[in-house]
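Residue numbers (the UniProt record's numbering): 1 to 75.
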């Protein structure tokens, strides 16, 4: 099981830079960069998740995707 973190995709789709989102959310651009460069769900607080969703116009389910592991025995 993997939980994919899709912040990079959503920011790219909206053509939003780390600096722009950081200013909206109220954090340093490096904090956004660290979050954006995660492939799996990072440890993130509810307040940060809420701020990201608010300023990106999305929901947590847009940012988080469940990917089931493929079981080769099922093929």
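We put the beta carbon where it would ideally sit given N, CA and C, even for glycine.
Model, not experiment: these values are computed from the prediction.
Remark: C-beta atoms of residue 42 and residue 5 approach each other more closely than 8 Å. Annotation: the continuous alpha helix (DSSP H) that includes residue 12 extends over 7 to 13. Restricting attention to 63, 70, 71, the CA atom closest to the CA of residue 38 is found in 63. For residue 64, the enclosing beta strand (DSSP E) has its first and last residue at 64 to 67. For residue 32, the enclosing alpha helix (DSSP H) covers residues 29 to 36. If you ignore the 5 residues before and after residue 29, its C-beta comes within less than 6 Å of the C-beta of 18, 19, 22, all in its own chain and listed in chain order.
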